[in-house]
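Q: Residue numbers 177 to 714, in this note's numbering, belong to the letters of the sequence shown in order.
By construction, the Cβ of each residue, glycine as well, lies at the ideal position given by its N, Cα and C atoms.
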Amino acid sequence: MQKWKRRTVAVVRRLLTCAIVVIGLLALVFVHIRVELPSTEEITKLPTTQHEIEHQNLQTEENWEKELAPPHLSKTSQSARKLDGASGTSNSNKLWKPPPNRDYTPCVAPSPYYTPPPESRGYLLVHTNGGLNQMRAGICDMVAVARIINATLVIPELDKHSFWQDSSNFSDVFDEDHFIDSLKNDVKIIKKLPKELAHANRTVKQFRSWSGLQYYEEEIAPMWDQYQVIRAAKSDSRLANNNLPPDIQKLRCRACYEALRFAPEIEATGKLLRDRMRAYGPYIALHLRFEKDMLSFSGCTHDLSPEEAEELKSIRENTSWWKVKEIDPVEQRAKGFCPLTPKEVGIFLSALGFQSTTPIYIAAGEIYGGDLHMADLHSRFPLLMNKEKLASAEELEPFANHASQMAALDYIVSIQSDVFIPSYFGNMARAVEGHRRFLGHKKTISPDRQGILLAILTGTFISSPETIIALFFFVCSLGKHLFGFLTNMRQEQSKISKLWQTELLRYTEDGKGHRGREKVLYLEQKEWTDFVQKRHST
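(1) Residues in its own chain within less than 8 Å of Phe614 by CB, not counting five upstream and five downstream?
(2) Give me the DSSP bridge partner(s) of Val330.
(3) From the DSSP output, read off the bridge partner residues of His611.
(4) Considering only DSSP beta bridges, list what Leu462 is partnered with.
(5) What does the Cβ neighbour count give for Asn562, buried or exposed, with the cut at 16 atoms within 10 Å?
(6) Tell me whether Tyr392 sits in a helix, a strand or coil according to DSSP, three-state version.
(7) So, is Ile324 buried or exposed, given that buried needs 16 or more other C-beta atoms within 10 angstroms?
(8) Val608 and Ser580 look like a contact to me (Cβ under 8 Å); what is the Cβ gap, rounded to whole Å?
(9) Can you pull the DSSP bridge partners for Leu585?
(10) Which of helix, strand or coil does DSSP assign to His303?
(11) Does the Cβ of Asp348 have 16 or more other Cβ atoms within 10 Å, making it buried, or fewer, making it exposed?
(12) Determine the direct distance from the alpha carbon of Leu462 to that of Ser526, and round the result to whole angstroms.
(13) Under the three-state reduction of DSSP, which class applies to Ser622: helix, strand or coil?
(14) Can the beta-carbon of Thr328 be found less than 8 Å from the beta-carbon of Lys273?
(15) Thinking Phe346 and Ala435 are a contact (beta carbons under 8 Å), I'd like their distance in whole angstroms, please.
(16) Starting from Thr379, trace the beta strand (DSSP E) in both directions and tell me its first and last residue.
(17) Tell me whether the beta-carbon of Tyr459 lies closer than 8 Å to the beta-carbon of Ile536.
(18) Starting from the Cα of Asp423, find the closest Cα among Thr445, Ala313, Asp362 and give me that residue.
(19) Thinking Ile331 and Lys367 are a contact (beta carbons under 8 Å), I'd like their distance in whole angstroms, please.
(20) Per DSSP, which residues does Ile315 bridge with? Please list them.
(21) Within 10 angstroms of its Cβ, does His478 collect 16 or more other Cβ (buried), or is it exposed?
(22) Which complete beta strand (DSSP E) runs does the stretch 406-492 hold, if anything under 3 residues is left out?
(23) Grab me the residues of Ser474's own chain with a C-beta within less than 8 Å of its C-beta, minus the 5 sequence neighbours each way, in chain order.
(24) Helix, strand or coil for Phe350? Go by DSSP, reduced to three states.
(25) Can a CB atom of chain B be found closer than 8 Å to the CB of Thr495?
(26) Taking the alpha helix (DSSP H) that Arg556 falls in, what are its first and last residues?
(27) Out of Lys501, Val380, Gln390, which one is the CA nearest neighbour of Gln404?
(28) How long is the line joining the alpha carbons of Leu415 and Ala540, rounded to whole angstroms?
(29) Just the C-alpha distance for Ile621 and Gly298, rounded to the nearest angstrom, thanks.
(30) Would you check if the stretch 446-459 and the stretch 566-580 touch, i.e. whether three or more CB-CB distances between them fall below 8 Å?
(31) Can you give me the Cβ contacts of Trp498 inside the same chain, cut-off strictly under 7 Å, excluding the 5 residues immediately before and after it?
(32) With DSSP run on the structure shown, which of helix, strand or coil describes Gly627?
(33) Residues in its own chain within less than 8 Å of Glu241 by CB, not counting five upstream and five downstream?
(34) When the distance is taken between beta carbons, is Phe350 closer than 8 Å to Thr495?
(35) Among Ser343, Glu487, Leu300, Ser532, whose alpha-carbon lies nearest the alpha-carbon of Ala376?
(36) With distances taken Cα to Cα, identify the nearest neighbour of Ile597 among Met582, Lys618, Asn277.
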């Protein structure tokens, strides 16, 4: 009897908690977030609401020299599709203003106490790993490590065996002579290991991740007593980001932003692409991380067909160095670990207020699913450009089948864009954002993927009385996770209101009317309810 009473009390308490949370959520929504749906006749039109971004201390924009359009693009169509925002309203212009730099400037010069490199105790060989930007970061870390352990750095070997199977050498991607000369006062660097050391005592060492000065001074440097050559098996994330001497941090920055210059052929072609893109007016560089390797690695399958999802799963299972094989795609998406889909990116850009005529450079490899998955983004923003559209096949031929060199072209166009937007905060997104700050705080917009998803779900759940009931049960299932969302919701209200409005519009468009919309909402709601119930039961 007493056990039955306790169970009854627990059930009542849970129901009361859910009711309170739902009431609080609805109060926040209706008090703090104002949603304006378009009229029926405007349903098929692109959203034009402007999202005003406040800025101070507008810095003078560099005047860019405009190149002619590539041979296979018409001059007439180029001028006809010139960006409206370049000479449009003040609201539109605000989207392109660079953020204030608050008088911050790069600080990479060594201190007065910095000395030339001491006598070398041995040779450091480095095998980099990962894609272009992961290798770049690793090389910069290894320059600093060589300084810490008094080593002569041999030009690093690039990764040739990862997913991309790129055979490029260091000199194919970077300006090797400039790299050596730029760092001559920091670290001794040579192109190849001397022949007389071919049979010298050596060891292969996997440096511990995120290690500080003490680790390298006390555990790695003493190895010179036994070995003449140390080979670093990996280069990524081997050096801590913080609590390092200022001169070591400055050395990393000099290596990254001054010494690691791309090869002359890549630099020239990258600047050509940039100038041709700028001929259309101010442009967005969109790092659209919707490629096969990313989707397979992350296990994200939203908006993909069952056949596509199975293909990605097969790739993940057959890639030995990817340790995690079983991934719940719904859970990944719930945690914000998935890149935005091209369709979601289009909604996001429209919500910010970018005009449909905005030139967008797609900084990415081959988009998974091709035109099928790009259709919605292209319908919202027809002026989508990439390397292949801006340059002829002959101009790109030297870099074909070399993923790192093609990625370097995207990098150059991205750091010089008026606005940079990554759909996923991976290695390239972090590298480009950091480089843009170094160059003068150029505007970067990083979408909050988890926040966008919560906004989509919250906005659709209250679109009808039936979905309010569904929200009640969803809240009961979600439990503590929703309390964290409620805490942060007020801070995100402006962003959510814009995304909420455009997402409701998207559902109306996709569903072709009220009944269709409710069906779409039900299917996505059911997917999430099943996921939450599964997590709750475990």
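A: Taking the definition as stated:
(1) Pro282, Cys429, Tyr433, listed in sequence order.
(2) DSSP, once it has assigned bridges, lists Ile366 as partnering Val330.
(3) The partner list for His611 (beta bridge, DSSP) is empty, contrary to what the question assumes.
(4) For Leu462, which the question treats as bridged, DSSP gives the partners Ile538, Ile597.
(5) The residue is buried, with at least 16 neighbouring Cβ atoms inside 10 Å.
(6) Of the three classes helix, strand and coil, the one that applies to Tyr392 here is helix, per DSSP.
(7) With 16 or more Cβ atoms within 10 Å of its Cβ, Ile324 is classed as buried.
(8) Rounded, the Cβ-Cβ distance is 15 Å, inconsistent with contact.
(9) DSSP output for Leu585 lists no bridge partner at all.
(10) DSSP places His303 in strand when its eight states are reduced to three.
(11) Within 10 angstroms of the beta-carbon of Asp348 lie 16 or more other beta-carbons, which makes it buried.
(12) Ser526 and Leu462 have their alpha carbons spaced roughly 14 Å apart.
(13) Assigned with DSSP and collapsed to three states, Ser622 falls in coil, not helix or strand.
(14) No, the pair does not count as a contact, with Cβ atoms beyond the cut-off.
(15) At roughly 12 Å, the Cβ-Cβ gap does not stay under 8 Å, so Phe346 and Ala435 are not in contact.
(16) Thr379 -> beta strand (DSSP E) spans 378-381.
(17) Yes, the pair counts as a contact, with Cβ atoms nearer than the cut-off.
(18) Of Thr445, Ala313, Asp362, the residue nearest in Cα terms is Asp362.
(19) By a beta-carbon distance limit of 8 Å, Ile331 contacts Lys367. Their separation comes to about 5 Å.
(20) Ile315 has no beta-bridge partner at all, per DSSP.
(21) Here His478 is buried, its C-beta having at least 16 other C-beta atoms within 10 Å.
(22) Entirely contained in the stretch 406-492, the beta strand (DSSP E) runs reaching 3 residues are, in chain order, 460-463.
(23) Excluding residues within five positions, the ones whose Cβ falls inside 8 Å are Ile503, Gln508, Phe513, Cys514, Pro515.
(24) If DSSP states are grouped into helix, strand and coil, Phe350 belongs with the strands.
(25) Judged by its chain identifiers, the structure shown contains no chain B, having just a single protein chain.
(26) Note, Arg556: alpha helix (DSSP H), 547-556.
(27) Distances from the alpha-carbon of Gln404 to those of Lys501, Val380, Gln390 put Val380 closest.
(28) Going by C-alpha positions, Leu415 is about 28 Å away from Ala540.
(29) For Ile621 and Gly298, the distance between alpha carbons rounds to 44 Å.
(30) Yes, since at least three Cβ pairs between the stretch 566-580 and the stretch 446-459 fall closer than 8 Å, the two stretches touch.
(31) The residues are Phe473, Arg492.
(32) Residue state, collapsed to three classes: helix.
(33) Low confidence applies here, because Glu241 scores a pLDDT of 32, under 50, leaving its location unreliable; read the following figure in that light. Excluding sequence neighbours, Glu241 sits near Asp451.
(34) Result no, Cβ atoms of Thr495 and Phe350 do not sit closer than 8 Å.
(35) If we check each option's Cα against that of Ala376, Leu300 comes out closest.
(36) Residue Lys618 is the option with its Cα nearest to Ile597.
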